[in-house]
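Undergrad:
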Amino acid sequence: MALTALLLAACSGQPTKPKPDFDSVKDSGPAVPVDMLATPEPTPVREPIGKAGNKSPYKVNGVTYRVRGDVKGYKERGHASWYGTKFHGRRTANGEVYNMYAMSAAHKTLPLPSYAKVTNLENGRSVIVRVNDRGPFVPGRIIDLSYTAAQKLGYVNKGVARVEVQALDPDSLPTAGETLAVEKDVSARESLAQDASFKLPGNTYLQVGAYSSANQANSVRAQVSAVVDYPVSVSPVERGGKTLYRVRIGPLAQQRALVAARETVEQNRLGQPQVVYD
Numbered sequence: 235m236a237l238t239a240l241l242l243a244a245c246s247g248q249p250t251k252p253k254p255d256f257d258s259v260k261d262s263g264p265a266v267p268v269d270m271l272a273t274p275e276p277t278p279v280r281e282p283i284g285k286a287g288n289k290s291p292y293k294v295n296g297v298t299y300r301v302r303g304d305v306k307g308y309k310e311r312g313h314a315s316w317y318g319t320k321f322h323g324r325r326t327a328n329g330e331v332y333n334m335y336a337m338s339a340a341h342k343t344l345p346l347p348s349y350a351k352v353t354n355l356e357n358g359r360s361v362i363v364r365v366n367d368r369g370p371f372v373p374g375r376i377i378d379l380s381y382t383a384a385q386k387l388g389y390v391n392k393g394v395a396r397v398e399v400q401a402l403d404p405d406s407l408p409t410a411g412e413t414l415a416v417e418k419d420v421s422a423r424e425s426l427a428q429d430a431s432f433k434l435p436g437n438t439y440l441q442v443g444a445y446s447s448a449n450q451a452n453s454v455r456a457q458v459s460a461v462v463d464y465p466v467s468v469s470p471v472e473r474g475g476k477t478l479y480r481v482r483i484g485p486l487a488q489q490r491a492l493v494a495a496r497e498t499v500e501q502n503r504l505g506q507p508q509v510v511y512d
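The opening residue of the sequence shown carries number 235 in the working numbering; numbering runs sequentially from there.
1. Would you kindly work out how many angstroms separate the C-alpha atoms of Ile377 and Tyr439, rounded to a whole number?
2. Could you pull the DSSP bridge partners for His313 from this structure?
3. Can you tell me the Cβ-Cβ gap for Asn502 and Val461, rounded? I've got them flagged as a contact below 8 Å.
4. Give a yes or no on contact between the stretch 272-280 and the stretch 294-313, applying the rule of three or more CB pairs nearer than 8 Å.
5. Between which two residues does the beta strand (DSSP E) harbouring Arg473 extend?
6. Under a Cβ-count criterion, where at least 16 other Cβ atoms within 10 Å of its own Cβ denotes burial, should Ala456 be classed as buried or exposed?
7. Could you have a look at Leu355 and say whether DSSP puts it in helix, strand or coil?
8. Using only CA atoms, which one of Lys285, Glu398, Ser453 and Tyr511 lies nearest to Arg311?
9. Using only alpha-carbon positions, find the residue among Ala401, Leu504 and Asn357 that is nearest to Ala340.
10. Would you kindly check if the distance between the Cβ of Pro345 and the Cβ of Arg364 is under 8 Å?
11. Going by DSSP, what residue range makes up the alpha helix (DSSP H) through Arg455?
12. Alpha carbon to alpha carbon, what distance is there between Val466 and Gln450?
13. Taking only the alpha-carbon atoms, compute the straight-line gap between Leu434 and Ala336 and give it to the nearest angstrom.
14. Give the range of the alpha helix (DSSP H) segment to which Leu434 is assigned.
15. Using a 10 Å radius around the Cβ and a threshold of 16 neighbouring Cβ atoms, would you call Tyr511 buried or exposed?
16. Per DSSP, what are the beta-bridge partners of Lys476 in this structure?
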């Protein structure tokens, strides 16, 4: 699993050791699977289409893509994949933050943001997702779902499933204000708020590095503690007969806290923290 490599990735006694190229890091789900089947689906609302993430045409890997002017009538069948820890906490194409525990998706040509119904043609399960990212740029794949959305559709372990994607016409959707104004059921309101809050599992951490020296780890911990407003700890772990001292920020309960901590560490040139679950 890529997550195991991340535990050892920072360095072993060399704080200036180059980090692996981002493209070489393999994607994965959490080290310990998290049951997200009870996650509420997003409430589709009419949202304005902004400039962020909607540049058209755009080119990736030599292929030119054109963003659709609208979503009306869009329905397509093909293969869906999913993405997880490699991108968790990083910016999506429209400037938001990718949260693999939210009900979101990436699409090559639908305007951002938009909503779509995705049906797994192999088992008949359907979910509603909010499209806020670009991809997948792999031939034969038409949509990339979050870890949670893929889990609800039943193909996390397979990795890929044949699906039908149908965009929801925004003209048929209420605005966010209208949705809240007419909502009378308290439990539904709470579900909507929970979906918007992007809560993280209680075992979510940002790992700054893993060091062979306890003194070095404590030095890094002190530097990180001076610039972030979240707990920073040093914890030992045995790997290959050696003891490594991991410097971690957390646990972090909210996506925004995770992103803020990561950006602060990177801006202060203290490393490139990776999301881990322990």
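Quick reminder that beta carbons are idealized off the backbone N, C-alpha and C, glycines included. Quick caveat: nothing in here was measured; it's all calculated off a predicted structure.
TA: Result, derived from the coordinates:
1. 28 Å
2. Arg375 and Arg396
3. 5 Å
4. no
5. Val466 to Arg473
6. exposed
7. coil
8. Glu398
9. Ala401
10. no
11. Ala448 to Ser459
12. 14 Å
13. 9 Å
14. No alpha helix (DSSP H) contains Leu434, which DSSP labels as neither H nor E.
15. buried
16. Arg473
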